[in-house]
Amino acid sequence: MRYLNKFLIFVMINISVLPAQAGWLDLNMPKGVTDISNEVFGLHMLILWICVVIGVIVFGAMFWSILMHRKSKGVTPATWHESTKLEFIWTIVPFIILIGMAVPATKTLIKMYDHSDSEIHIKITGYQWLWQYEYLNTGISYYSKLSTPYSEIYNKKSKNVNYLQQVDNELVVPINKKIRFLLTSNDVLHAWWVPDLALKRDAMPGYINEMSTIINKPGIYRGSCAELCGRHHGFMPIVIKAVTEDEYEKWLTARKVKTSGVAKIK
Amino acid sequence: MSESGSYYIPHGSNWPIIASIGVCTTMVGGSILLNGSDIGKYILFIGLAIVIYMIVGWFSTVVSESERGIYDSQVDSSFRWGMVWFIFSEVMFFAVFFGALFYVRSYSLPWLGGEGTGLATNTFLWPNYEAVWPQTANGPGEIGGKFEHMSAWGLPALNTAILLTSGLTLTWAHHALKEMKRGQLIAGLFLTVALGSVFMIFQAIEYGHAFTELNLNLGSGIYGSTFFMLTGFHGFHVTIGTIMLCVILGRSIRGHFNPKNHFAFEAVAWYWHFVDVVWLGLFIFVYWI
Amino acid sequence: MSSVVKDTHHDDHPSGIMRWIRTTNHKDIGTLYLWFAMIMFFIGGFMALIIRSELFQPGLQFVDPQFFNSMTTMHALVMLFGVVMPAFTGLANWLIPMMVGGPDMALPRMNNWSFWILPFAFSMLLSTLWMDGGAPAGGWTLYPPLSLQTGDAFPFLIFSIHFMGLSSIMGAINVIATILNMRAPGMTLMKMPLFVWTWLITAFLLIAVMPVLAGGVTMLLTDKFFGTSFFNAAGGGDPVMFQHIFWFFGHPEVYILILPSFGVVSSIIPTFARKPLFGYSSMVYATASIAFLSFIVWAHHMFTVGIPLAGELFFMFATMLIAVPTGVKVFNWVTTMWKGAMTFETPMLFAIAFIVMFTIGGFSGLMLAITPADFQYHDTYFVVAHFHYVLVPGSIFAIMAACYYWLPKWTGNMYPETLGKIHFWLSTFFVNLTFFPMHFVGLAGMPRRIPDYSLQFADYNMIASIGAFGFGIAQILFLYIVIKTIKGGKKATDQVWDGADGLEWTLPSPPPYHSFNTPPVVK
Ligand code: HEA
Ligand code: HEA
Ligand code: CUA
Ligand SMILES: [Cu+2]
């Protein structure tokens, strides 16, 4: 009993402390920084709660029955085994609940598929194991790959906060503008995923996939490759820097000069 | 078999384990060969030899049990269910390749060609590619180089007629079997085998024509891939079917079947009709449209 | 029947290894299948432990990333094709002839071959671990072009899958032939136990989709070695096409892995509730609906590949619909317990745990079905949590429940009840400790199939790894219990459980070599 108590105290402390360490938000889907990602979060929570409620009802009934209808209580078992009415109810009610989920989901999905009126077009190409970003119509193009040193990966040095989530060249984009991403790959399948934007799409060799977003808040958003692509699949992060429109213009000019400089040397 | 029951349960058999060893050896040999090592070939042949030995042995056992009258009608019906579901699995196997054909024709190629959502794909990755079936169906990379596609009218059409006729002759043989007309049974089966063989010969000529004159082979992009996979697997099935027909022919000559009890004949007939139907699909979707 | 000459010396039991190699007896073959599954479970579990060891902490500690991917791939292939499917086929072999009142399986020689393929196929598959370029590392889904980068292992992988497919198809044909043809007079279809029904439908699914997988991997093979362009855009092919083919197989496959569990649970719950199964016929129809729907939902695994909007919507709706028939099953089980007179022996405990945790897995499945949300969940540990909930406390728990439930029948001995209960509680505790935290790390953004992760995922991965080792150790207890029961124990009665109903309980424990030589009378 003493050990059980100790164990329970241990569990309690951990339940209360662990989330604090990790931050509660890390335990759930991020809300993100776009209208769509907020909607997705809403959908996620809606369905989660519906499931929780159904779960409580179903398991509640079951555990009630486990407690009350046990042989040791001296009950005699009932003999009925059919009721068309009941079965009809529990076919139709879940069906209605499902419709309730499907409607908002459909609405959000339709919005996600609308890429019209995009102002900035960026082509993203996956390689084993890095990303290439091309800003269409600007001549800007560069590669972006993991910058965490091997010494940290192989535990020779202590790991920094952004361990495995840092790159040499971030993708820089403006806020409040519709950005369209064109995704493809040079070798195997990859998937470009940034949770805060609720964007995830496969990059396939020979085909181009599209997605679009409008970011509401400046900041640095981190994501990763989300399709097994070989040995270093786990080491293919994505970092986006969302900046104000002014800053973006400045960055663009600076980059253009740099790129054309390179072109001249060639 | 215990005396009280009536359903025949064979006692222990060596054939399954021999089959496993044979097939496994074949596969290992094939793998080694594909990985570029020549000894694979010998392992492959040893494996095949074991497989053939096994097939002959296993079937002989079954045939002799059948001839000894051990099988009752319930066993017969188990065999029937077995064959029906086996053929269903074959249907699904061919369905994959037909599915692949439909998929590339209605989704992949139009996408590469820039239809609908494929616009970006076409503009950025494959500019100037126009998807026309079958002319540019070796893809935007023109894999395998310029090729000409197969035309339906000519040998393929003739082959269709041949295979359909063989279905008829087989049915004729079946009727003869039911009516105890041995002469017609043997003639019908013989004709079926002959037609099947002619079909195979024509198909070989077609392949030769494709390789040498049309520059069409497995490597000719998706057109070549689907064409040869479908016709190749079909041809393989015709070969198997013809061999099985020969066995049935041999057994008929020995007087093995009677109007009531001829499951083996029927199984082969079902199989042959199935191969027939697949060909019809091929003719329509691969050669014609 | 007529007085034809039958082979007379059937009841000779050859001894030693040859008995097992040559056997055509459904019980022997069932035993072989079950032991094979048990061995594979430890092999596949060992691989999972390698995965969990590497993921215990951030950073690379034990294995190379490539080898890690091999472990993920092989773990899944072994668990699915080497554990759950053979275990269910083993149960089918043991039980279906007894349940329908037949003497044996319909096609006994083929039955033997179905089993004896497996050791060969898995030797081929496992031998790739020692090959140049390593074992397959492209995930069990084998997506090209990545899977085409496999080294020498590649053809071995493909052929072993063909081989396993052959085994499953023949096994399924046998089950169907047995059910359709070997029933005792009076055993109409709608009188069959649900285990038999669910297996009938499972067998149909197997025959329908295993050839599809075979065709798909054949295309991989020709793409790699014979210059075809099925999955190569330059040649007009499409890597996504493989995914369609794979999931056309893959989704029905996951129901192949769960439907027989439904059958097992539907046998156990009424026994220990001492009350007939509620809604027998709707259970049958629900199973059939699930099977039907399973053919039209496959693209829910591919929501992020860029399917047109209409397609995404169709597959989302179809997938959500599966919750309805599955719900019917869950509600019927709960209602069966309602007003029963329950006792909680080990099989019942596992069955109840199955219902709870399978439902939790089903709920997360439903969440995954919501396309916009799946964009966030896809390829994260949330998916890993989902399918382990339906597979481990789902399929595996059902198999264990079945073992406890029928072991007394098979061996004639009762298993040690206290040990069984301990095994149950340990398993249940640790399985949740392992897989529940995976929901959190998944939502927080941890992708699956990675050997190393960023720091915010560290705590929960550590917990999951501890859980995995705990669960593994608990399974050693299971092995011990099974062996102990086979060796001896309290003698079991024919009926074994006082609420048990069905033909298998009318036979002695252990049953005679040929189950029903004279067909029983079914009222
Ligand atoms: C036994 C195996 C099994 C089973 C039974 C299921 C059952 C279900 N699965 Fe799962 N699934 C897998 C095994 C399984 N799955 C595997 C292995 C993968 C990953 C493959 C890979 O990528 O490697 C996967 C992946 C997977 C995905 C893809 C995720 C992704 O990669 O992005 C999706 C998406 O829709 C999904 C959905 C579902 C649904 C809707 C069900 C439904 O059948 C669940 C239905 C059950 C319930 C809903 C609970 C009970 C119902 C009620 C109590 C009624 C009332 C409820 C409501 C009205 C909500 N599954
Ligand atoms: C029925 C199927 C099944 C079963 C039973 C399991 C069981 C387990 N799985 Fe599995 N798993 C899959 C099917 C299954 N899994 C699939 C389909 C995938 C996807 C693969 C892919 O992405 O391609 C997957 C992937 C997968 C991953 C993700 C890997 C990745 O994405 O990189 C993880 C990680 O934790 C994991 C863990 C586990 C654990 C801890 C168990 C445990 O339940 C296992 C418990 C059993 C044991 C531990 C055995 C006990 C053995 C011993 C105690 C022996 C010890 C011996 C010595 C030490 C000598 N599995
Ligand atoms: Cu790139 Cu995974
Ligand atoms: Cu699925």
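Each protein sequence line maps, in turn, to chains A, B and C. Mapping of the first sequence onto this note's numbering: position 111 corresponds to residue 111, and the numbering continues sequentially without gaps. Mapping of the second sequence onto this note's numbering: position 256 corresponds to residue 256, and the numbering continues sequentially without gaps. Mapping of the third sequence onto this note's numbering: position 386 corresponds to residue 386, and the numbering continues sequentially without gaps. Where is the CB? At the ideal position from N, CA and C, for every residue including glycine. Remember, it's a predicted structure, so these values are computed and weren't measured experimentally.
Residue(s) in a DSSP beta bridge with residue i
i: Glu-210(A); result: Leu-182(A)
i: Thr-125(A); result: Gln-132(A) and Thr-184(A)
i: Arg-222(A); result: Val-239(A)
i: Ser-141(A); result: Glu-134(A)
i: Met-342(C); result: Arg-70(A)
i: Ala-203(A); result: His-190(A)
i: Lys-524(C); result: A query on residue 524(C) cannot be resolved here, the shown segment of chain C reaching from 1 to 523 and no further.
Distance, residue j Cα to residue i Cα
i: Gly-23(A); j: Val-84(C); result: Confidence at Gly-23(A) is low in this model, with a pLDDT of 48, below 50, so its placement is unreliable and the value that follows should be read with caution. Rounded to the nearest angstrom, the two C-alpha atoms are 38 Å apart.
i: Thr-506(C); j: Trp-94(C); result: 15 Å
i: Thr-138(A); j: Lys-256(A); result: 7 Å
i: Asn-525(C); j: Ser-78(B); result: Any question about residue 525(C) goes unanswered here, given that chain C covers just 1 to 523.
i: Ile-243(B); j: Gly-250(B); result: 11 Å
i: His-378(C); j: Thr-304(C); result: 8 Å
i: Phe-226(C); j: Phe-424(C); result: 51 Å
i: Thr-121(B); j: Lys-258(A); result: 29 Å
i: Val-297(C); j: Ala-468(C); result: 31 Å
i: Val-384(C); j: Gly-361(C); result: 10 Å
i: Ser-37(A); j: Ser-427(C); result: 38 Å
i: Gln-21(A); j: His-75(C); result: In this predicted model, Gln-21(A) has a pLDDT of only 47, less than 50, meaning its place in the structure is not dependable; the value taken from the coordinates is given anyway. Taking the straight line from one Cα to the other gives about 33 Å.
i: Asn-461(C); j: Arg-222(A); result: 20 Å
i: Thr-117(B); j: Phe-46(C); result: 45 Å
i: Ile-9(B); j: Arg-80(B); result: 16 Å
i: Pro-144(C); j: Trp-80(A); result: 54 Å
i: Ala-191(A); j: Leu-200(C); result: 39 Å
i: Lys-31(A); j: Gly-90(C); result: 47 Å
i: Thr-76(A); j: Gly-340(C); result: 7 Å
Neighbour-count burial assignment, residue i, 16 or more Cβ in a 10 Å radius
i: Val-286(B); result: buried
i: Asp-117(A); result: exposed
i: Asn-174(C); result: buried
i: Glu-90(B); result: buried
i: Met-210(C); result: buried
i: His-439(C); result: buried
i: Asp-498(C); result: exposed
i: Met-68(A); result: exposed
i: Leu-259(C); result: buried
i: His-175(B); result: exposed
i: Pro-16(B); result: buried
i: Asp-196(A); result: buried
i: Gln-243(C); result: buried
i: Glu-312(C); result: buried
i: Phe-62(C); result: exposed
i: Gln-135(B); result: exposed
i: Pro-259(B); result: exposed
i: Leu-189(C); result: exposed
Where residue i meets chain B, residues with beta-carbon distance less than 7 Å
i: Tyr-207(A); result: Trp-111 and Thr-121
i: Lys-111(A); result: Those within 7 Å of Lys-111(A) in chain B number zero; the least Cβ separation is about 17 Å.
i: Thr-184(A); result: Leu-125
Amino acids of chain C, ordered along the chain, whose beta-carbon sits closer than 7 Å to that of residue i
i: Asn-14(B); result: Arg-22
i: Tyr-163(A); result: Pro-58, Ser-454 and Leu-455
i: Phe-59(A); result: Val-356
Neighbouring residues, chain C, relative to residue i (Cβ below 8 Å)
i: Met-150(B); result: What Met-150(B) touches in chain C: nothing, since even the nearest Cβ is about 16 Å away.
Residues that residue i contacts on chain C, provided the C-beta gap is smaller than 9 Å
i: Asn-28(A); result: Phe-440, Leu-443 and Ala-444
i: Gln-135(B); result: Simply none; closest approach about 11 Å.
Within chain B, partners of residue i - CB distance below 9 Å
i: Val-534(C); result: Since the first and last residues shown for chain C are 1 and 523, residue 534(C) lies out of range.
Chain-ordered neighbours of residue i on chain B, where CB pairs are closer than 8 Å
i: Glu-210(A); result: Thr-117 and Ala-120
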